[in-house]
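Q: Shown below is the structure under consideration.
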Amino acid sequence: MKAIVITTPGTPEALQLVEVPQPQIQNNTDILIRLHAAGINPIDTKLRSRGTFYPNEMPAILGCDGAGVVEAIGAAVKRFKVGDEVYFCAGGLGKSGTGNYAEFTVVDERWVARKPTSLSFAEAAAAPLVLITAWESLYDRGRLEAGQKVLIHAGAGGVGHVAIQLAKIKGAEVCTTVSSPEKARLARQLGADNTILYKQTDFVQAVLDWTEGEGVDLAFDTVGGKIFYDTVPAVRVYGDLVTILEPNPADGNLKTARSRNLRISLEIMLTPALQGIVAAQLHQTEILEQCASWIDEGKLKIHLSQSFTLQDAPAAHKVIESGSTTGKISLIVK
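Shown next, in the form of structure tokens:
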């Protein structure tokens with residue numbers, strides 16, 4: 001089969017289109033999926049440039065997100081049959097025999113959900129990682145409740161644009177930071193109650209004005225760096241601050257967060273897969289199943305801004321690394 005592989009970490013040009021053996025069903029609960037599209041996420045570019053989690057298993061096929069059609073099933077598979085359309089976040093972290101920048105992949109049926117019928121394969125492939133990340137950040141880490149006020153950074157980005165919608169589904173009021181009027185319009189279309197052009201406006205003061213000086217109940221940091229520390233004064237006393245990036249002590253300190261008794265949570269949706277935590281992986285499958293229902297009910301949208309052919313994976317990585325993308329990007333496999 002055709003696949004994009006890396007044999008050593010490097011620039012986007014390290015991604016090479018080659019012929020590799022088609023993966024085979026190894027376990028009774030495995031399903032073979034003919035991929036139609038693969039989602040591209042920032043984790044892909046980091047693994048390509050820095051190395052995978054399994055450096056001794058090179059070459060590697062990247063891509064955590066995928067969507068396609070079930071081609072074959074293991075003897076004990078009960079949830080799917082040949083011909084079913086599916087989407088999932090599994091593999092692509094460097095482990096041999098996994099990855100979705102390819103024509104086929106094998107995934108345990110427990111980590112797979114039925115594809116939303118209203119989405120194209122390209123749209124569906126763009127969805128899983130960001131849906132799970134936003135859900136876990138807002139609902140699980142942040143314990144979001146109806147009526148609360150939420151600040152979501154980068155509301156037009158991959159994670160941010162679904163986070164806005166999940167927060168609204170929960171019944172929260174949403175404020176978000178964006179870099180341009182065009183992105184502000186998208187954020188409002190997705191349900192944001194207040195948009196802040198952070199290049200022109202002090203977002204902390206804007207949040208305090210919006211909350212009558214109190215601060216938001218929950219802030220969701222999808223940007224990292226200094227923004228994490230700058231966000232602290234925008235959160236109410238005893239509020240929550242959730243980040244998907246690792247805070248760097250060189251960018252600030254937590255004195256103000258401590259004085260405000262903030263609850264700080266770190267979110268990495270890859271933890272269950274990397275540590276083999278089955279219950280948490282099953283929870284992520286449930287998230288995809290619920291989100292598929294909401295998508296087909298028109299309550300949740302995936303904004304696919306660009307798609308590339310499989311052989312153009314290097315160009316897609318360059319777009320991701322530019323840091324100015326809106327929504328999500330996919331690779332069209334077939």
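Residues in the sequence shown are numbered consecutively from 1, following the UniProt record's numbering. C-beta atoms are modelled at their ideal positions from N, C-alpha and C, and glycine is treated no differently.
(1) Quick one: grab the DSSP three-state call for Val319.
(2) Expressed to the nearest angstrom, what Euclidean distance is found between the alpha-carbon atoms of Lys115 and Asn100?
(3) First and last residue of the beta strand (DSSP E) that includes Cys64?
(4) Taking the alpha carbon of Val18 as the point to measure from, which residue in Ala102, Leu245 and Ala75 has its own alpha carbon closest?
(5) Just grab the DSSP bridge partners of Phe203 for me.
(6) Can you give me the C-alpha to C-alpha distance between Gly63 and Ile6, rounded to a whole angstrom?
(7) What are the residues that DSSP puts in a beta bridge with Thr177?
(8) Based on the DSSP secondary-structure assignment, which residues constitute the bridge partners of Phe88?
(9) For Gln290, report the span of its alpha helix (DSSP H) as first-last.
(10) Could you check where the beta strand (DSSP E) with Gln16 kicks off and where it finishes?
(11) Does the distance from the C-beta atom of Ala167 to that of Leu186 stay below 8 Å?
(12) Return the CA-CA distance between Ile25 and Leu32, expressed in angstroms with no decimal places.
(13) What's the call for Thr11, buried or exposed, on a 16-neighbour Cβ count within 10 Å?
(14) Can you tell me the Cα-Cα spacing of Ile332 and Leu138, whole angstroms?
(15) With distances taken between CB atoms, is the gap from Leu300 to Trp294 smaller than 8 Å?
(16) Do you know how far the Cα of Gly224 is from the Cα of Ile244?
(17) For Phe203, which residues from the same chain have a beta carbon less than 6 Å from its beta carbon, with the 5 sequence-adjacent residues on both sides left out?
(18) For Val159, is the classification buried or exposed, using 16 other Cβ atoms within 10 angstroms of its Cβ as the cut-off for buried?
(19) Determine the direct distance from the alpha carbon of Ser330 to that of Asn253, and round the result to whole angstroms.
(20) Using 8 Å as the threshold, is the C-beta distance between Ser259 and Val242 below it?
(21) Please classify Gln306: does DSSP put it in a helix, a strand, or coil?
(22) Rounded to whole angstroms, how far is the Cβ of Lys328 from the Cβ of Ala126, which I believe are closer than 8 Å?
(23) Specify the secondary structure class of Glu71 as computed by DSSP and reduced to three states.
(24) Leaving out the 5 sequence neighbours to the left and right, which residues in its chain are closer than 6 Å to Ala60 when beta-carbon positions are compared?
(25) Roughly how many angstroms separate the alpha carbons of Ile152 and Ala163, rounded to a whole number?
(26) May I ask which residues mark the beginning and end of the alpha helix (DSSP H) holding Val237?
(27) Are the stretch 279-287 and the stretch 130-137 in contact at 8 Å, needing three or more beta carbon pairs?
(28) Taking the beta carbon of residue 351 as the centre, do at least 16 other beta carbons fall within 10 Å, making it buried, or is it exposed?
(29) Among all the DSSP beta bridges, which residues are the ones paired with Ser265?
(30) Which term fits residue 335, buried or exposed, when burial requires 16 or more other beta carbons within 10 angstroms of its beta carbon?
A: Quick look at the numbers:
(1) Three-state DSSP puts Val319 in a helix.
(2) 16 Å
(3) Where Cys64 is concerned, there is no enclosing beta strand (DSSP E), given that its DSSP letter is neither H nor E.
(4) For Val18, the nearest C-alpha among the options comes from Ala102.
(5) According to DSSP, Phe203 bridges with nothing at all.
(6) Computed Cα separation, rounded: 12 Å.
(7) Ile196
(8) Gly66 and Val112
(9) First-last of the alpha helix (DSSP H) with Gln290: Val278 to Asp296.
(10) Residue range Gln16 to Glu19 is occupied by the beta strand (DSSP E) that includes Gln16.
(11) no
(12) 6 Å
(13) Counting Cβ neighbours within 10 Å, Thr11 comes out exposed, since fewer than 16 surround it.
(14) Their Cα atoms are separated by approximately 30 Å.
(15) yes
(16) 7 Å
(17) Thr177 and Ile196
(18) buried
(19) 37 Å
(20) No, these two residues do not count as a Cβ contact at 8 Å.
(21) strand
(22) 4 Å
(23) strand
(24) Ile6, Thr52 and Gly94
(25) 7 Å
(26) First-last for Val237: Val235 to Thr243, but that is the beta strand (DSSP E), not the alpha helix (DSSP H).
(27) Counting Cβ pairs under 8 Å, three or more are found: they touch.
(28) Residue coverage of the chain in this structure runs from 1 to 334, which leaves residue 351 outside it and unanswerable.
(29) Residue pairing for Ser265: DSSP places it in a beta bridge opposite Val242.
(30) In the structure as shown, the chain starts at 1 and stops at 334, and residue 335 therefore has no counterpart that could be examined.
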